[in-house]
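Shown next, in structure tokens, is the structure this report addresses.
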Amino acid sequence: MQRTGFLLAAAMLAGAMALSPAKADYRSGAGAPPLLLSPDLTEPWVLQLQPHRRQMRSQVTTRPVMRQPQRMERVRHMGVAPGAAPQRQVQRQVDPRFLPTTVAYDGKHKPGDIVIDTEARYLYLIEKGGFARRYGVGVGRPGFEWAGTHKVTRKAEWPDWRPPAEMRKRQPGLPVHMAGGPKNPLGARALYLGSTLYRIHGSNEPWTIGRAVSSGCIRMRNEDVIDLYNRVPVGAKVHVL
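Here our numbering is used: position 160 in the sequence shown is 151, and no number is missing along the way.
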């Protein structure tokens, strides 16, 4: 009887020792079952942990690609060779937050002054009554930033473009002179700043508004620079911050 009780106790002790490490390993993650990621990611994650699923399907499946006859017909109609993917046209739009608007202004500058916040990419035309007309602008790219106060010394409609020698040295493909027009990088209007080479001008790349891409000039949408041009006289002060 005593021998039977001793054997029973020994068996219970051995079973406890066998279960405890496994339980500890499972909690620590060392003995946790491997995670089976289902090819169908819409399935509940709990189902992906069920061991019997390994026998039902492999971890990676190859599914046949459905043909799209209508798309192929459309591609042929466009003159694109079958099997060639048509080029995607990048939508080039201006961020709505850079469109013109009127905002409150309580700064130190006087009505008629222009204030350009190059970090925020905004140009402010100070108005009477504590308001300012705000436009989105493009500014100088890294290495071409600048700040200072100048006056508008000249205004031009559809200005010609004569890239400075320094710019032509950096970009040998630039012309010495380009007549004004829709393809001209200076756009519809230009306001020249003092004796500097910088201008506030329009752009035939309106999607660059809000970015730092120029060689130091302040870019605006053509419709915005026309509006500013009509509001600002020669002699107006321009503060570039």
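Beta carbons are placed, not taken as given, at the ideal position from N, Cα and C, and that holds for glycine.
Span of the beta strand (DSSP E), counted from its first residue to its last, around K269 | There is no way to answer for residue 269, as the model of the chain reaches only from -8 to 232.
Of the residues I217, V106, I200 and D215, which one's Cα is nearest the Cα of R132?
-> Within the sequence shown, the letter at position 141 stands for residue 132. The candidate whose alpha carbon is nearest that of R132 is I200.
Locate the alpha helix (DSSP H) running through L219, then write down its first and last residues.
-> To locate residue 219, count along the sequence shown from 1; it is residue 228. Run containing L219: N213 to R222, per the alpha helix (DSSP H) assignment.
6 angstroms CB neighbourhood of D151 in its chain, flanking five on each side removed | Position 160 of the sequence shown, counting from 1, holds the residue named residue 151. These residues qualify, in order along the chain: A170 and G171.
S194 burial status per 10 Å Cβ neighbour count (16 or more: buried) = Locating residue 194 in the sequence shown gives position 203, counting from the first residue. Burial state of S194 is buried, judged by a 10 Å Cβ sphere holding 16 or more other Cβ atoms.
First through last residue of the beta strand (DSSP E) which encompasses K142 = Residue mapping note: residue 142 aligns to position 151 of the sequence shown, counting from 1. Element bounds for K142: G139 to E148.
Could you check the C-alpha separation between I216 and I191 for me, to the nearest Å?
-> Translated into positions along the sequence shown, residue 216 becomes position 225. Translated into positions along the sequence shown, residue 191 becomes position 200. Sequence inspection shows Val at residue 216; the Ile mentioned does not correspond to that position. When rounded, the distance between both Cα atoms is 8 angstroms.
Selected residue, minimal CA-CA separation from T233, among V231, E148, R125 and I107 | Since the first and last residues shown for the chain are -8 and 232, residue 233 lies out of range.
What's the C-alpha gap between E136 and A156?
-> One-based indexing of the sequence shown puts residue 136 at position 145. One-based indexing of the sequence shown puts residue 156 at position 165. The C-alpha of E136 lies about 19 angstroms from the C-alpha of A156.
Rounded separation between E214 and G178 - CA only = As a first step, residue 214 must be located in the sequence shown, where it is residue number 223. As a first step, residue 178 must be located in the sequence shown, where it is residue number 187. Their backbone Cα atoms lie some 10 angstroms apart in a straight line.
Can you give me the Cβ contacts of T187 inside the same chain, cut-off strictly under 7 angstroms, excluding the 5 residues immediately before and after it?
-> Within the sequence shown, residue 187 is the residue found at index 196, counting from 1. Here the set comprises H141.
In chain order, what residues of the same chain lie with their CB nearer than 7 angstroms to the CB of C208, ignoring the 5 residues before and after it?
-> Taking the sequence shown and counting its residues from 1, one reaches residue 208 at position 217. If we look at C208 and ignore the five residues flanking it on each side, its Cβ neighbours are Y189, R190 and H192.
Please report the Cβ distance between D104 and K228, rounded to the nearest whole angstrom; I am assuming they are in contact, meaning their Cβ atoms lie under 8 angstroms.
-> One-based indexing of the sequence shown puts residue 104 at position 113. One-based indexing of the sequence shown puts residue 228 at position 237. The Cβ separation is near 5 angstroms, so the contact holds.
Pair within 7 angstroms by beta-carbon distance, G139 and V225 = Along the sequence shown, one-based indexing puts residue 139 at 148. Along the sequence shown, one-based indexing puts residue 225 at 234. No; because the gap between Cβ atoms is not below 7 angstroms, this pair is not in contact.
Around the C-beta of V143, are 16 or more other C-beta atoms found within 10 angstroms, so that it is buried, or is it exposed?
-> As a position in the sequence shown, residue 143 is number 152, starting the count at 1. By the neighbour-count criterion, in which a residue is buried when 16 or more other Cβ atoms sit within 10 angstroms of its Cβ, V143 is buried.
Backbone secondary structure at F122 - three-state DSSP | Locating residue 122 in the sequence shown gives position 131, counting from the first residue. Note: F122 maps to strand in three-state DSSP.
Roughly how far, in whole angstroms, is the beta-carbon of I117 from the beta-carbon of V128, given that I think they are within contact range, below 8 angstroms?
-> Along the sequence shown, read from residue 1 onward, the residue named residue 117 stands at position 126. Along the sequence shown, read from residue 1 onward, the residue named residue 128 stands at position 137. Distance from I117 to V128 at the Cβ level is roughly 15 angstroms; contact not present, criterion being Cβ atoms closer than 8 angstroms.
Taking all protein chains shown into account, decide if V130 is buried (16 or more other Cβ within 10 angstroms of its Cβ) or exposed.
-> Sequence index remark: in the sequence shown, residue 130 carries index 139 (1-based). Label assigned to V130: buried.
Between the CA atoms of G121 and L165 - distance to the nearest angstrom | Along the sequence shown, read from residue 1 onward, the residue named residue 165 stands at position 174. Along the sequence shown, read from residue 1 onward, the residue named residue 121 stands at position 130. Each residue's Cα considered, the two are about 44 angstroms apart.
Cα-Cα separation between F89 and H100, rounded to whole angstroms = Looking up residue 89 in the sequence shown gives position 98. Looking up residue 100 in the sequence shown gives position 109. Each residue's alpha carbon lies about 22 angstroms from the other.
Whole-angstrom distance between T109 and P102, CA atom to CA atom = The residue labelled residue 102 in the question sits at position 111 within the sequence shown. The residue labelled residue 109 in the question sits at position 118 within the sequence shown. Taking the Cα positions, P102 is about 20 angstroms away from T109.
For R222, which residues from the same chain have a beta carbon less than 7 angstroms from its beta carbon, with the 5 sequence-adjacent residues on both sides left out?
-> As a first step, residue 222 is located in the sequence shown; it is residue number 231 there, counting from the start. Around R222: L116.
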